[in-house]
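Those protein sequence lines, which keep their order, are chains A and B. Going by this note's numbering, the first sequence opens with residue 974, and the numbers climb by one from there. Going by this note's numbering, the second sequence opens with residue 350, and the numbers climb by one from there. Right, one structure below, let's go through it.
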Amino acid sequence: MSRAPRRRLVPAYLVTGGRQLTSRADLDRLSVLTLADAKLTETPEATAGIGPEHHRLCALLAPGSLSLVECAAHLGLPVSATVVVAADLIESGHLQARGPVPRAQEIDRSLVERLLVGLRTLR
Amino acid sequence: MKLVVTGPFGVGKTTLIRTLSEIPPLHTEEAMTETGAGHDDLAGVPDKTTTTVAVDFGRLTVPGELVLYLFGTPGQERFFPLWEDIARGALGALVLADTRRLGDSFPVMDMVEEQGLPYAVAVNRFPDAPTYGDEVLRKHLDLHPSTPLVQCDARERRSSVEPLIALAEHVLTRLPEDRP
């Protein structure tokens, strides 16, 4: 696949129908998107009424989960537009989203102590 | 464990990482071009011809089966957004300073504080830079009494370990005691 940036035939704002905001404020660029049920996207009836970008996003997720920002890259859409598309699909039950992997918990004290002991031997 | 080495433009972050790292540091230093002329103030460091474009990366194996990863981040303000990503999960940050241009360290320190990372300040002694006592430096850098300040020579390995020790001690004091 060519990495050269291609100009979009359909501007990004049309994908979202001109919307910027979604009801799903919790979607982060690192949220992981998963197809809720593969059957839901298999039949043409099930995906009737959703846009082409929505179709592409479903197809993209068919082999497995991806983070939202990766989806945006694959679809060639801005992250903000992908959020809108993903939120539509979550609302219609096609997708599930999971929050990003939480930050590592508090640093282990004993680890820092070992580090300190080790560093002192380097003097 | 991950440590971030930062500091203003031209303070010697790459040198420090090169000194400490046991692997040839992966770095992306580039010859400076005229494009940067308006942004990168060379006053005080006229000989500087290269600068860190992305991130330096070095590795230091510490006795006790620990590996310390050192991330040198760009000192230029325009790269500050990179910080959030780099600082995630880091143990702490080492802010380098140059006595000839102490004020340049302020924006960097502000940013580290904003990230909530514990940090220590290491004053890199350049051969031709004036030296000051710790007290004077503390006052000029407006350091919190608990923030460690260490003077070092980034070209020398043993000297470069000192600020790491100070930082580790500082991190330790901020961590809650282990519950039995």
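Virtual Cβ for every residue (Gly too), placed ideally from N, Cα, C.
Inset, instruction - With DSSP collapsed to three states, give me the class of ASP434(B). - result: helix
Inset, instruction - Can you give me the Cβ contacts of LEU1034(A) inside the same chain, cut-off strictly under 8 angstroms, excluding the 5 residues immediately before and after it? - result: LEU1006, THR1007, LEU1008, CYS1044 and LEU1068
Inset, instruction - Check whether the Cβ atoms of ALA469(B) and THR496(B) sit closer than 8 angstroms, and answer yes or no. - result: yes
Legend entry - Simplified DSSP state of TYR418(B), which is helix, strand or coil: strand
Legend entry - Other residues of its chain near LEU516(B): CB distance less than 6 angstroms, five sequence neighbours each side excluded: GLY441, LEU443 and ALA469
Inset, instruction - State yes or no: is the C-beta of SER1040(A) within less than 8 angstroms of the C-beta of LEU1003(A)? - result: A contact, by the Cβ cut-off of 8 angstroms.
Legend entry - Nearest candidate by alpha-carbon position, reference PRO501(B), set LEU365(B), THR422(B) and ASP434(B): Note that residue 501(B) corresponds to Cys in the displayed sequence, not to Pro. Per the Cα distances, LEU365(B).
Legend entry - Own chain residues within Cβ distance below 6 angstroms of ASP453(B), not counting five before or after: PRO357
Inset, instruction - Quick one: residues in its chain with C-beta nearer than 7 angstroms to the C-beta of TYR481(B), no 5 flanking neighbours on either side, listed in chain order? - result: Cβ neighbours of TYR481(B) beyond the five flanking positions: THR448.
Inset, instruction - Answer yes or no: do VAL1056(A) and VAL520(B) have a C-beta to C-beta separation smaller than 8 angstroms? - result: no
Inset, instruction - Assign PHE455(B) to one of three DSSP states: helix, strand, or coil. - result: helix
Legend entry - C-beta neighbour in chain B for GLY1072(A), strict 8 angstroms: no
Legend entry - Proximity of THR368(B) and ARG506(B) at Cβ, strictly below 8 angstroms: yes
Legend entry - Any C-beta of chain D under 8 angstroms from that of LEU498(B): Note that chain D does not occur in the displayed structure, where the protein chains are A and B.
Inset, instruction - Compare the beta carbon distance of ALA1100(A) and ALA1070(A) with 8 angstroms and say whether it is the shorter of the two. - result: This structure leaves residue 1100(A) out entirely; chain A is present only between 974 and 1096.
Inset, instruction - Can you have a look at LEU987(A) and say buried or exposed, based on whether 16 or more other CB atoms are within 10 angstroms of its CB? - result: exposed
Legend entry - Residues that PRO512(B) contacts on chain A, provided the C-beta gap is smaller than 8 angstroms: Residues of chain A passing the Cβ test: none, with the nearest at roughly 10 angstroms.
Legend entry - ARG408(B) and GLU371(B) closer than 8 angstroms at C-beta: yes
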